[in-house]
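Heads up, the thing below is written out as structure tokens.
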Ligand code: NG1
Ligand code: ZN
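In the numbering used here, the protein residues as written are 1105 to 1640.
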């Protein structure tokens, strides 16, 4: 049970700095020196949430992902390894903003009674952090809260964000028919390693990839995972790890990593790979991955989340047909408005699969993906995964193959259900998924890139006086407010061949983002500039 005296004392140790905080798409995220009180209060909420769910284990991840080393952040993980239920984000915000220690205690009690939480129910929380220097101090704030709230807690130390999501699901499914894996970091490697080996059994070739780990937690974790994977000689993939310096946390995400590559449309300056060599970059907490290479003509080519989604959807479609399960496995792709229009067109026209567009934020994509038997979802920035419905899992597990070819496809499909992290986008798991697919298709980067041609596009960040003036509807593709803005954007878009553009308020930064694409580079830039002027 919660100890009121301890709660107030603990809060006094980590006072609210007089700022207004908001639990957003990435949890709370900011300069690390502002976070102590926030983490303390998130700890309290984790205990409340666990009690509300009768002692199911809740996860707390301390990370600021791709953001600079001096930032940090905190977010909650729900029992099945999903993001925190949306309605609870508001409680997180309320707690973070309680002005005084006493006000915090009163709010805790009020939430507890409003939400009909049994204060005597057990509370269980597990947590982990990325490699940031501020992480261990913030863990201290978190533990103070969990002690005050009377929650059982386990520190899993340094982990990638998806590893913590995995563990949360494992704890809560242990001993049930939905058991997800062993509740340990090693269990994660064993599960993925075994699945990868099975998925590679019927491959045509195998390749090599250089992985930039953003100098973050993904570096040591990928190196650990390699111990569980077959070597190149054993038919595995030759994975070379670079930018894995976590001894100097000030290097995290600096001039490297998935966000650097995606934003700057270039390889990390430290990269020494040769033309056509396969490269991938993870972000700081290893939940995003993008691929890239330099072409023969020395042009940088990015294969981002849209490309991974189309590759995965195409391969899963093949396996569905080859295994004789096609009619039981309705595959769909979920994207945001930032997906390149050519990728959407490719999925609908070439793969003949449905596409759903949702607002930005992984929770929206994840939710929509559950509407399919196999739901492939990726944000363009490289965060995503593939979800298998319970019915799909059952069909895949119980299907009787009618031929050796069906059997082979089925085995690969079964392996993928284990390889792909079902809780959240996972760069390590996604990386291996891509490698499996390229090995099966016997493709290099060129073949992958040549599946379709991206439309030239431009993303512009516009500083505005008040971003809350910009209210978007229709999966953020249209502005409802300010009045008249959308009509102006429509008029501009109409003047460009294959033109598409939208403006929306960022959920993570104080700005409006404008996206535009068109038939040529010049037109995309021009359209983006004009739409930016509409919102400016
Ligand atoms: P905002 O700031 O709401 O555009 C950004 C990314 C999202 C997602 C979130 C959460 C773009 C255009 N937006 O959202 O894709 O990753 O951060 O981290 O990249
Ligand atoms: Zn991340």
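For every residue, glycine included, the Cβ atom is placed at its ideal position computed from N, Cα and C.
Bridge partners - residue i, DSSP secondary structure assignment
i	result
residue 1440	1462
residue 1585	1575
residue 1621	1561 and 1604
residue 1406	1396
residue 1166	1178 and 1233
residue 1161	1228
residue 1184	Residue 1184 is not bridged to any residue.
residue 1383	1314 and 1396
residue 1133	1177
residue 1435	1478
residue 1538	In the DSSP output, where bridge partners are listed per residue, residue 1538 has none listed.
residue 1616	1566 and 1609
Residue i versus residue j: straight-line alpha-carbon distance, rounded
i	j	result
residue 1573	residue 1470	28 Å
residue 1399	residue 1181	40 Å
residue 1504	residue 1424	13 Å
residue 1631	residue 1209	52 Å
residue 1534	residue 1197	32 Å
residue 1281	residue 1274	12 Å
residue 1272	residue 1230	7 Å
residue 1327	residue 1637	47 Å
residue 1555	residue 1409	15 Å
residue 1105	residue 1134	31 Å
residue 1233	residue 1285	21 Å
residue 1257	residue 1433	40 Å
residue 1371	residue 1362	9 Å
residue 1314	residue 1394	12 Å
residue 1186	residue 1244	25 Å
residue 1448	residue 1411	10 Å
residue 1270	residue 1450	32 Å
residue 1455	residue 1416	11 Å
residue 1070	residue 1337	Here the chain has residues from 1105 to 1640 only, and residue 1070 is not among them.
residue 1374	residue 1602	36 Å
residue 1220	residue 1159	14 Å
residue 1189	residue 1466	12 Å
residue 1339	residue 1300	11 Å
residue 1483	residue 1528	12 Å
residue 1608	residue 1515	44 Å
residue 1462	residue 1479	13 Å
Three-state class that DSSP yields for residue i in the structure shown
i	result
residue 1574	coil
residue 1257	strand
residue 1605	strand
residue 1549	helix
residue 1310	coil
residue 1447	helix
residue 1300	helix
residue 1320	coil
residue 1262	strand
residue 1274	helix
residue 1482	strand
residue 1128	strand
residue 1388	coil
residue 1528	coil
residue 1489	strand
residue 1342	strand
residue 1146	helix
residue 1566	strand
residue 1121	coil
residue 1372	coil
Residue i, buried or exposed, once every other Cβ within 10 Å from all chains shown has been counted against 16
i	result
residue 1606	buried
residue 1124	exposed
residue 1569	exposed
residue 1366	buried
residue 1380	exposed
residue 1309	exposed
residue 1612	exposed
residue 1137	exposed
residue 1119	exposed
residue 1343	buried
residue 1539	buried
residue 1508	exposed
residue 1290	exposed
residue 1121	exposed
residue 1296	buried
residue 1580	buried
residue 1352	exposed
Heavy atom of the ligand GDP within 7 Å of residue i beta-carbon
i	result
residue 1392	As for the ligand GDP, it is missing from this structure, which binds only the ligand NG1 and the ligand ZN.
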